[in-house]
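The block underneath contains the structure these notes are about, expressed in structure tokens.
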Amino acid sequence: MSTRRFFVVGLTGALTIPAAGAALAAPAKADAASIKRAVDDLTAAMAELHGGRWKAHVDHDTGFILIQPRPTRRGAA
Numbered sequence: 212m213s214t215r216r217f218f219v220v221g222l223t224g225a226l227t228i229p230a231a232g233a234a235l236a237a238p239a240k241a242d243a244a245s246i247k248r249a250v251d252d253l254t255a256a257m258a259e260l261h262g263g264r265w266k267a268h269v270d271h272d273t274g275f276i277l278i279q280p281r282p283t284r285r286g287a288a
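Going by the working numbering, the sequence shown opens with residue 212, and the numbers climb by one from there.
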């Protein structure tokens, strides 16, 4: 059975935050492509699970990834 806790526990290694002010090395092209695929997969999974359209922002300088729903247009049918 998949639970939120199971999912989050699986991500704990990925949720490490570098020390404040620590600069991260620029990713290699292969790594950047791998990250893009992973982010695309996660946004697709969020859309499948929650519906709607999702967008991602990846900040390679800080190692931060934000995935959030896209705002809906007002008056859209």
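Don't be surprised by glycine CBs; every beta carbon is placed ideally from N, CA and C.
Can Thr283 and Lys266 be called in contact, C-beta distance under 8 Å?
Cβ atoms of Thr283 and Lys266: not closer than 8 Å.
Review point. Which partner residues of Ala267 appear in the DSSP bridge assignment?
Key: Beta-bridge pairing by DSSP links Ala267 to Ile278.
field: Residue nearest to Arg281 in terms of C-alpha spacing, selected from Thr273, His261, Asp270, Arg248
entry: Distances from the CA of Arg281 to each of Thr273, His261, Asp270, Arg248 were compared; the closest alpha carbon is that of His261.
Point to revise | Under the three-state DSSP convention, the category Ala255 falls into | key: Three-state DSSP puts Ala255 in a helix.
Quick check: what's the CA-CA separation for His268 versus Ala241? If you take the alpha carbons of His268 and Ala241, they lie about 18 Å apart.
For Ala244, which residues in the same chain have their Cβ closer than 6 Å to its Cβ, ignoring the five residues on either side in sequence?
The answer is none, since no qualifying residue turns up.
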